[in-house]
Structure formats: C-alpha cells, structure tokens
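What follows is a short report on a single structure.
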Amino acid sequence: GVPEVPARPIAERRMSRRIQVGPVAVGGGAPVSVQSMTTTRTSDVGATLQQIAELTASGCQIVRVACPTQDDADALATIARKSQIPVIADIHFQPKYVFAAIEAGCAAVRVNPGNIKQFDDRVKEIAQAAKDHGTPIRIGVNAGSLDRRLLQKYGRATPEALVESALWEASLFEEHGFRDIKISVKHNDPVVMIEAYSRLAEQCDYPLHLGVTEAGPAFQGTIKSAVAFGALLSRGIGDTIRVSLSAPPAEEVKVGIQILQSLGLKERRLEIVSCPSCGRAQVDVYKLAEEVTAGLDGMEVPLRVAVMGCVVNGPGEAREADLGVASGNGKGQIFVKGEVIKTVPESKIVETLIEEAMKIAEQMEQDGVGS
Ligand code: SF4
7 GVPEVPARPI AERRMSRRIQ VGPVAVGGGA PVSVQSMTTT RTSDVGATLQ QIAELTASGC
67 QIVRVACPTQ DDADALATIA RKSQIPVIAD IHFQPKYVFA AIEAGCAAVR VNPGNIKQFD
127 DRVKEIAQAA KDHGTPIRIG VNAGSLDRRL LQKYGRATPE ALVESALWEA SLFEEHGFRD
187 IKISVKHNDP VVMIEAYSRL AEQCDYPLHL GVTEAGPAFQ GTIKSAVAFG ALLSRGIGDT
247 IRVSLSAPPA EEVKVGIQIL QSLGLKERRL EIVSCPSCGR AQVDVYKLAE EVTAGLDGME
307 VPLRVAVMGC VVNGPGEARE ADLGVASGNG KGQIFVKGEV IKTVPESKIV ETLIEEAMKI
367 AEQMEQDGVG S
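With positions in the sequence shown counted from 1, the corresponding number in full-length UniProt numbering is that position plus 6.
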C-alpha cells in the first residue's frame with residue numbers, strides 16, 4: 007500500500023491559560039472541545055436531562071442551559087448534579103441568577119455583560135463567589151447585545167468594539183484578582199467574527215470560545231461555522247467551539263465534531279471517502295455511499311472507507327483507505343489495506359464492505375486502536 011503521510015497538526019495552538027469546566031480542560035493546549043446548548047425549558051428538569059443525555063451520546067463535551075427565570079435557576083442544582091457532562095448556566099439580565107448558578111454547582115457561568123444592567127458594579131461580588139466555588143466565567147460578548155457605550159463609540163458591532171467590550175469586562179474581573187475566564191466575541195458575519203477573534207487572540211491569553219452567532223438554518227449555519235472556525239483554528243486560535251444552528255442541538259454537535267476532525271484536531275472515527283460521481287461512473291455512487299454510511303454508522307474505530315464510482319481514481323483512493331471499493335462493469339473490486347481481496351457483483355458491494363469493516367474494526371479494537 008501507499009505509506010501514510012504522518013499526521014501533522016494544522017497549526018501550533020495559540021498559548022492560552024487553562025481553565026477547568028468541570029472535568030473538561032479548556033485552553034493551555036487541551037484538545038478543542040465541542041459544546042452545545044439545550045432547547046428545552048431548563049425548569050423542565052426531566053426534558054432537559056433527557057436532551058443532555060442525547061447530546062452526551064452524540065459526543066457533546068460541555069452543555070449550556072438558559073436561565074431566564076427563577077424556576078430555571080431552581081432547576082440548576084439537579085441538572086448540574088445529574089448531567090453526565092459539565093453544565094454551564096447562561097445568564098442574561100439578572101445578576102442574582104449568576105450567584106444562583108454558582109451556588110447550584112454549575113461547572114461554569116456564561117455572562118453577557120452587555121445584557122446585565124449594573125454588571126460592572128456587581129463584578130466584585132461575582133468574582134468572589136466564583137473564586138470561592140472554583141467556577142470559571144465566560145464573558146460572552148454578542149454583536150446583538152453590545153454594551154451601549156461601545157455601540158455609541160463605534161456606531162455598530164465592529165471587531166474592535168467586540169474586543170474592547172470583552173477586554174473591558176475581563177479587566178474588571180482582573181481588578182479583583184479573578185482570571186478564571188474564557189471569552190467569546192460572537193457575530194453573525196464570519197468576516198467580522200474572524201477579525202474579532204484574531205484581534206482578541208493577540209491581546210490576551212484567555213482561552214477562547216468560538217461561535218458564529220445566529221448562523222442560521224443547518225445548511226447555511228454549517229458552512230458559516232466551518233468557514234469561520236476553519237480560518238481561526240487553522241491559525242491555532244480557539245479552545246472550545248459551539249456551532250449555532252436553527253436545528254436540533256445534536257446536529258450542532260455533529261457539525262462541530264466534523265469540523266474538528268476535518269482539521270485533524272480530533273481523531274477521525276468513521277470517514278467515508280466517496281467520489282462525487284461523474285459521467286464515467288459505472289455504479290450509483292450516491293446510493294452506494296449512503297448505504298455504506300448507514301451500514302457503518304456508530305463505528306467507534308478510525309476507519310477510512312473509500313467508495314469510488316469507476317476505475318479512474320477508484321483503485322488509488324481505495325488503496326489508500328483502510329477499506330474500499332472501486333466499481334466497474336457491474337462489479338466491485340474490494341480493497342483492504344491496499345490489496346484487492348476480492349471482486350464481487352455490484353449487488354454484493356455494500357454487504358461485503360460492511361462485513362470487511364467489521365473484521366477490521368474487531369482487529370483494531372484488539373490492537374487497542376481508537377480506544
Ligand atoms: Fe468520476 Fe470515477 Fe472520479 Fe467517481 S472516481 S468522480 S466516477 S472519475
């Protein structure tokens with residue numbers, strides 16, 4: 007077979023301070039983590055925990071829950087205790103919920119200074135409570151709720167305005183000796199967002215939470231997030247990510263994981279390398295790729311499976327993958343680790359690939375790969 011190109015990190019990671027969100031380290035070279043946010047009423051503890059369980063199963067590492075009412079604040083302790091992954095309380099408007107979330111044992115609290123009146127006056131108490139409980143704070147600046155003072159100064163939510171807002175709030179915490187902070191400066195325009203995070207990365211050493219806010223429905227939001235996160239992460243900027251989609255949160259996690267895997271920042275699990283098909287295809291590539299993907303769904307080992315429509319690039323790609331098929335003349339040549347192991351009729355391609363994938367997975371598990 008073709009020798010594997012050794013994996014090389016896409017970029018040296020920006021050196022940031024490390025904070026602990028529960029058991030998940032963020033910053034300081036820790037793996038980039040994937041977050042999402044529940045869509046249930048937080049006060050509905052059962053539904054929220056159910057959704058958190060689904061998110062956990064999909065690979066989410068940190069979950070955020072909204073806390074707009076006292077009932078939600080009251081639910082935080084149970085949710086934080088029973089969740090399998092660290093819970094961050096998301097607080098706007100009401101400083102009293104910041105204290106409630108810290109008391110409730112949330113792994114971190116997100117505050118949006120632009121949305122909390124008299125926030126600056128309460129920073130001392132917040133810093134003290136957070137310090138007492140070892141609770142990190144995310145300063146979450148958002149284009150849609152920028153501090154009025156900065157909005158007046160800059161006219162709109164420019165990258166400079168977002169960064170100034172975040173660093174101003176951080177400086178208030180620093181005055182009280184509190185540095186257990188991560189920062190986000192979200193904007194719905196990837197160009198502004200990329201610029202804001204780039205500037206922020208240069209001006210502080212806090213870990214950064216990446217997000218394109220209000221990114222839109224799944225298709226648009228996926229692309230906006232992939233482009234923006236890709237631009238930043240490929241320069242080593244970003245310690246934790248949240249993809250925002252107008253879609254179920256488990257979708258956000260899937261996209262987030264895929265972005266990290268595409269950049270080599272997270273170990274690849276199953277990867278299907280399939281061709282786009284063209285006028286040379288001698289098999290229905292879309293259908294084949296879909297059936298193979300469905301058949302191998304949930305596979306826990308880093309398996310690369312090539313599904314190729316013809317013999318032009320087919321054998322080459324199929325050879326470089328762990329497993330592959332190159333189709334032609336109603337038949338499929340099945341490759342394992344670069345060797346043709348058999349040729350099967352088209353109708354048997356999917357089941358043969360799945361069978362062989364299982365064998366390889368078993369072998370990998372025995373060898374301790376992917377564990
Ligand atoms: Fe076309 Fe063959 Fe390439 Fe697929 S592998 S895109 S069918 S040339």
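Backbone N, C-alpha and C fix where the C-beta goes; we use that ideal spot for every residue, glycine too.
TODO: Say whether the region 325-342 touches the region 286-297, bearing in mind that this needs 3 or more beta-carbon pairs closer than 8 angstroms, one atom from each stretch.
DONE: Yes, the region 325-342 touches the region 286-297.
Using 7 angstroms as the cut-off, classify the Cβ of PRO321 as near or not near the heavy atoms of the ligand SF4, replying yes or no. In terms of side-chain proximity, the C-beta atom of PRO321 is found no nearer than 7 angstroms to any non-hydrogen atom of the ligand SF4.
Self-check item: First and last residue of the uninterrupted beta strand (DSSP E) at LEU329
Solution: The continuous beta strand (DSSP E) containing LEU329 extends over residues 329-334.
Q.
Give me the residue from SER280, ARG155, PRO29 with the minimum Cα distance to ALA114.
A. Among SER280, ARG155, PRO29, the Cα nearest to that of ALA114 belongs to PRO29.
**Beta-carbon separation (whole angstroms), LEU238 vs LEU216, contact threshold 8 angstroms** = LEU238 to LEU216, Cβ: 6 angstroms. Contact.
Item to complete: Using three-state DSSP, classify ASN118 as helix, strand or coil.
Response: Here ASN118 sits in coil by DSSP.
Assuming LEU309 and ILE247 are in contact, meaning their beta carbons sit under 8 angstroms apart, how far apart are those beta carbons, in whole angstroms?
Actually they do not touch by this definition, with Cβ atoms about 24 angstroms apart.
Taking a contact to mean a Cβ-Cβ separation below 8 angstroms, would you say THR84 touches VAL71 in this structure?
No; because the gap between Cβ atoms is not below 8 angstroms, this pair is not in contact.
Problem - Sequence-distant residues of the same chain with beta carbon closer than 7 angstroms to MET199, five excluded per side - result: LYS192, HIS193, VAL218, ALA234, listed in sequence order.
Quick check: what's the CA-CA separation for LEU276 versus VAL298? So the two alpha carbons sit approximately 11 angstroms from each other.
Give the straight-line distance between the Cα atoms of ALA136 and ILE229, rounded to the nearest whole angstrom.
A straight line joining the alpha-carbon of ALA136 with that of ILE229 spans about 36 angstroms.
message: Quick check: what's the CA-CA separation for CYS316 versus LEU269?
response: Distance between the alpha carbons of CYS316 and LEU269: 28 angstroms.
Check: Nearest to VAL104 by alpha carbon, out of ALA133, SER42, ARG24?
Finding: The candidate whose alpha carbon is nearest that of VAL104 is ALA133.
* To do: Please confirm whether VAL32 and PRO255 have their CB atoms less than 8 angstroms apart.
  => No, the Cβ-Cβ distance between VAL32 and PRO255 is not below 8 angstroms.
Here's a check: name, in chain order, each residue in its chain whose Cβ is nearer than 6 angstroms to the Cβ of THR358, leaving out the five neighbours to either side. Excluding five sequence positions before and after THR358, the CB atoms of its chain that fall closer than 6 angstroms to its own CB belong to ILE340, VAL350, given in chain order.
Q) If we call anything under 8 angstroms between Cβ atoms a contact, is VAL40 one with CYS66? A) Yes, these two residues count as a Cβ contact at 8 angstroms.
Considering just the uninterrupted stretch of the beta strand (DSSP E) at MET314, what are its terminal residues?
MET314 -> beta strand (DSSP E) spans 310-314.
**Message:** Nearest by alpha-carbon distance to GLU170: which of SER204, ILE143, HIS139 is it?
**Reply:** Nearest option by C-alpha distance: SER204.
- Query: Which of helix, strand or coil does DSSP assign to THR349?
  - Reply: Three-state DSSP puts THR349 in a strand.
Taking the alpha-carbon positions, what's the ARG155 to PRO165 distance? Taking the straight line from one Cα to the other gives about 15 angstroms.
| field | Contacting residues, own chain, Cβ-Cβ under 7 angstroms from GLY111 (five flanking each side not counted) | value | In chain order, ALA83, ALA86, ARG87 place their CB closer than 7 angstroms to the CB of GLY111, counting only its own chain and leaving out the 5 sequence neighbours on each side.
Beta carbon of GLU361 nearer than 8 angstroms to that of GLY338
Using a Cβ distance threshold of 8 angstroms, GLU361 and GLY338 do not count as a contacting pair.
On a CA-only basis, which of GLN57, GLY34, GLY244, GLY52 is nearest GLU257? Give me that one, please.
Nearest option by C-alpha distance: GLN57.
Runs of alpha helix (DSSP H) wholly within the region 97-174 (minimum 4 residues, chain order)
Within the region 97-174, the complete alpha helix (DSSP H) runs of at least 4 residues are 101-109, 125-139, 154-160.
- request: Could you please give me the residues that DSSP links to ARG248 through a beta bridge?
  value: In the DSSP assignment, ARG248 is bridged to GLN41.
For the ligand SF4, I want to know if ARG286 counts as a neighbour, meaning its beta carbon is within less than 7 angstroms of at least one of the ligand's heavy atoms. For ARG286, the CB falls within less than 7 angstroms of some heavy atom of the ligand SF4.
Q.
Quick check: the Cα distance between residue 3 and GLY374, rounded to an integer number of angstroms?
A. The chain is shown from 7 up to 377; residue 3 falls before or after that span and cannot be answered.
Tell me whether PRO351, by its Cβ, gets closer than 7 angstroms to a heavy atom of the ligand SF4.
Because no heavy atom of the ligand SF4 lies under 7 angstroms away, the Cβ of PRO351 does not count as near it: no.
On the CB-based measure, 16 or more other CB atoms within 10 Å of its CB, does GLU201 come out buried or exposed?
Buried: at least 16 other Cβ atoms inside 10 Å.
Rounded to whole angstroms, how far is the Cβ of ASN148 from the Cβ of GLY120, which I believe are closer than 8 angstroms? Contact between ASN148 and GLY120 holds: CB atoms are separated by about 7 angstroms, below the 8 angstroms threshold.
* Taking just the CA atoms, how far does GLY344 sit from SER49? -> When rounded, the distance between both Cα atoms is 55 angstroms.
Q. Is GLY330 near the ligand SF4, going by C-beta to nearest heavy atom under 7 angstroms?
A. For GLY330, the Cβ stays outside the 7 angstroms cut-off from all heavy atoms of the ligand SF4.
### Message
Using a Cβ-based criterion (distance less than 7 angstroms to any ligand heavy atom), does GLY33 qualify as near the ligand SF4?
### Response
Taking non-hydrogen atoms of the ligand SF4 into account, the C-beta of GLY33 is found less than 7 angstroms away from none of them.
Using CA coordinates, which residue listed in ILE108, PRO282, ARG14, GLN288 is at the minimum distance from ASP138?
Measuring from the Cα of ASP138, the nearest candidate turns out to be ILE108.
- Message: Any heavy atom of the ligand SF4 inside 7 angstroms of the beta-carbon of residue 400?
- Response: With the chain covering 7 to 377 only, the question about residue 400 has no answer from this structure.
Taking the Cβ atom as the reference point for each residue, do ARG144 and LYS188 lie within a distance shorter than 8 angstroms? Closer than 8 angstroms, so yes.
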